[in-house]
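Read through the structure below, which is laid out as structure tokens, and then see the notes.
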Amino acid sequence: MKRRQFLGGTGAAISSSLLAGCIGGNDGGTVTVDYAYYNPVSLVLREKGWMAEAFDDTDVEVEWVLSLGSNQANEYSQGGQAEVASTAGVAALMARSNGVPITTPYIYSEPEWTALVAFEDSDIETVADLEGKQVAATRGTDPYFFLLQALDDAGLSEDDVEVVHLQHPEGQSSLVREDVDAWAGLDPHMAELELEHDGAELFYREPNFNTYGFLNFLDEFIADRPEDARRVIRAYERGREWALENPEETAEILASESDMSEPVAQRVFTERNDLTEQIPGDDHHDLLSDLAPILEREGLVNDDADPAGSVDELLDTGFAAGIGPGGE
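So for the sequence shown, our numbering puts the first residue at 50; every next one is plus one.
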């Protein structure tokens with residue numbers, strides 16, 4: 050697997066009125082797309098109005114929903130509450146394996162957005178030191194799978210630690226309060242802790258255990274409204290190219306939207322993300338194939354699920370090929 054080069058980037062409730070307009074299918078009058086602090090391009094598109102602009106010559110309205118993590122984005126997909134949602138790659142595979150009808154035609158980022166975090170004055174220096182310790186993680190998200198891979202690499206399993214299942218912000222707070230010994234962190238919360246709390250350190254980093262940022266489309270959306278799906282991808286291509294050309298301004302948007310400081314946003318976007326590979330390919334297929342057995346071993350998929358077979362069902366290497374910001 051190739052070694053990654055990074056440019057920068059990472060990882061709410063939906064109002065009842067918005068949900069009422071989305072649940073139960075789409076009448077063709079709207080397209081619901083998520084935005085997430087771990088998906089900076091989505092923030093650019095929302096700030097600039099470019100997603101709505103992609104539908105200017107139609108009667109389709111764009112509605113946005115906020116995803117706080119891959120688990121929540123998958124809930125939106127499973128409930129039909131979003132046609133397009135952002136997750137980590139392995140979280141998308143878990144959802145597809147469990148019957149959520151999603152396909153990934155587009156990669157929104159290649160991040161190093163997760164690592165294992167502890168404080169310097171703890172007795173934790175390596176993954177092996179986690180044995181018997183409490184580790185905060187958000188089940189079903191990339192940091193959780195990162196933790197499982199790190200444990201496996203150290204000859205341990207989830208049974209050797211006590212995983213405290215918390216959403217990402219709560220995991221950060223729990224570590225600061227010393228309620229847990231370590232945290233499987235996610236940017237921007239991880240970068241905030243690293244830069245603004247003395248003694249916080251990323252004691253274990255492995256970029257190749259981060260599973261990319263997948264932009265997942267409902268199968269029905271692609272099948273029934275392929276041109277609308279292409280419009281979403283064109284908007285993403287516009288935002289991606291702009292972000293590549295304007296990293297400082299992109300970091301400013303990230304800081305403004307997420308209420309993080311500009312130094313944190315700079316760390317997240319300009320140091321820990323690569324936006325240059327947007328079409329699913331062999332690297333994505335190989336990584337997910339390597340992770341498929343972990344999903345089964347940890348009981349994260351249904352008994353009749355086939356994660357290895359679901360990799361091919363999930364990844365669409367052709368739909369977005371050749372789609373640029375100005376059209377095909």
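No residue lacks a Cβ here, since even glycine has one placed at the ideal position from N, Cα and C.
Asked                                                                                                                                                            : Found
Please list the segments of the beta strand (DSSP E) lying wholly inside the region 139-208, counting only runs of 3 or more residues, in order along the chain. : 151-160, 163-168, 183-186
Check whether the region 123-135 touches the region 260-277, counting contact only when three or more Cβ pairs, one atom from each stretch, lie closer than 8 Å. : yes
Can you give me the C-alpha to C-alpha distance between ASP273 and SER359, rounded to a whole angstrom?                                                          : 22 Å
In angstroms with no decimal places, state the Cα-to-Cα distance between SER91 and MET309.                                                                       : 16 Å
How would you label GLY138, buried or exposed, when you count the other beta carbons within 10 angstroms and need 16 or more for buried?                         : buried
Taking GLU180 as the reference, give the member of ASP170, ILE282, GLU161, LEU200 with the closest Cα.                                                           : LEU200
Could you compute how far the alpha carbon of TYR87 sits from the alpha carbon of VAL114?                                                                        : 14 Å
Below 7 Å CB to CB, which residues in the same chain sit around ARG33 once its five sequence neighbours on both sides are set aside?                             : The shown model of the chain, from 50 to 377, leaves out residue 33, and the question about it has no answer.
Please identify the residue among ARG145, SER119, THR153, LEU142 whose C-alpha is closest to the C-alpha of VAL281.                                              : THR153
Taking only the alpha-carbon atoms, compute the straight-line gap between GLU362 and ALA141 and give it to the nearest angstrom.                                 : 11 Å
Would you decide whether ALA369 is buried or exposed? Buried here means 16 or more other CB atoms lie within 10 Å of its CB.                                     : buried
Checking 8 Å against the spacing of the C-beta atoms, do LEU251 and PRO89 come in under that value?                                                              : no
Among HIS334, GLU320, GLY367, which residue has its Cα nearest to the Cα of GLU161?                                                                              : GLU320
Who does PHE104 pair with in a DSSP beta bridge?                                                                                                                 : Partner(s): none; PHE104 has no beta bridge.
Check whether the Cβ atoms of LEU344 and PRO356 lie closer than 8 Å to each other.                                                                               : yes
Should ALA186 and LEU196 be called a contact, given that it needs their Cβ atoms to be closer than 8 Å?                                                          : yes
Tell me where the alpha helix (DSSP H) around TYR125 begins and ends.                                                                                            : 119-127
Quick check on HIS333: buried or exposed, where buried means 16 or more other Cβ atoms within 10 Å of its Cβ?                                                    : buried
How is the alpha helix (DSSP H) around GLU345 delimited, first residue to last?                                                                                  : 331-346
If we ignore side chains and look at the alpha-carbon of each, how far apart do LEU244 and ARG188 end up?                                                        : 25 Å
Taking the alpha carbon of ASN351 as the reference point, which residue from SER146, VAL82, GLY78, GLY371 has its own alpha carbon closest?                      : SER146
Please state whether DSSP places THR299 in a helix, a strand or coil.                                                                                            : helix
Assuming the contact rule is C-beta atoms closer than 8 Å, ASP212 and VAL184 should be a hit. Round their C-beta distance to whole Å, please.                    : Checking the sequence shown, residue 212 turns out to be Val, not Asp. About 6 Å; that satisfies the 8 Å criterion.
Would you kindly check if the distance between the Cβ of GLN198 and the Cβ of PHE258 is under 8 Å?                                                               : yes
Quick one: what's PHE266 bridged to in DSSP?                                                                                                                     : VAL133, THR152
Compute the Euclidean distance between the alpha carbons of VAL210 and ALA177, then round it to the nearest angstrom.                                            : 10 Å
Return the chain-ordered ranges of every alpha helix (DSSP H) run that is complete within the region 225-300 and spans a minimum of 4 residues.                  : 238-245, 268-273, 275-294
Looking at the secondary structure, which residues open and close the alpha helix (DSSP H) in which GLU320 lies?                                                 : 311-320
So, with DSSP's three-state summary, where would you put LEU215?                                                                                                 : coil
So what does ASP353 bridge to, in DSSP terms?                                                                                                                    : Per DSSP, none; premise fails for ASP353.
Kindly indicate the opening and closing residues of the beta strand (DSSP E) around VAL93.                                                                       : Note, VAL93: premise wrong, no beta strand (DSSP E); alpha helix (DSSP H) at 89-97.
If we count the other Cβ atoms within 10 Å of its Cβ and call it buried at 16 or more, is TRP238 buried or exposed?                                              : With the sequence shown as reference, residue 238 is identified as His, and Trp is not the correct amino acid for it. Buried, because 16 or more other Cβ atoms sit within 10 Å of the Cβ of HIS238.
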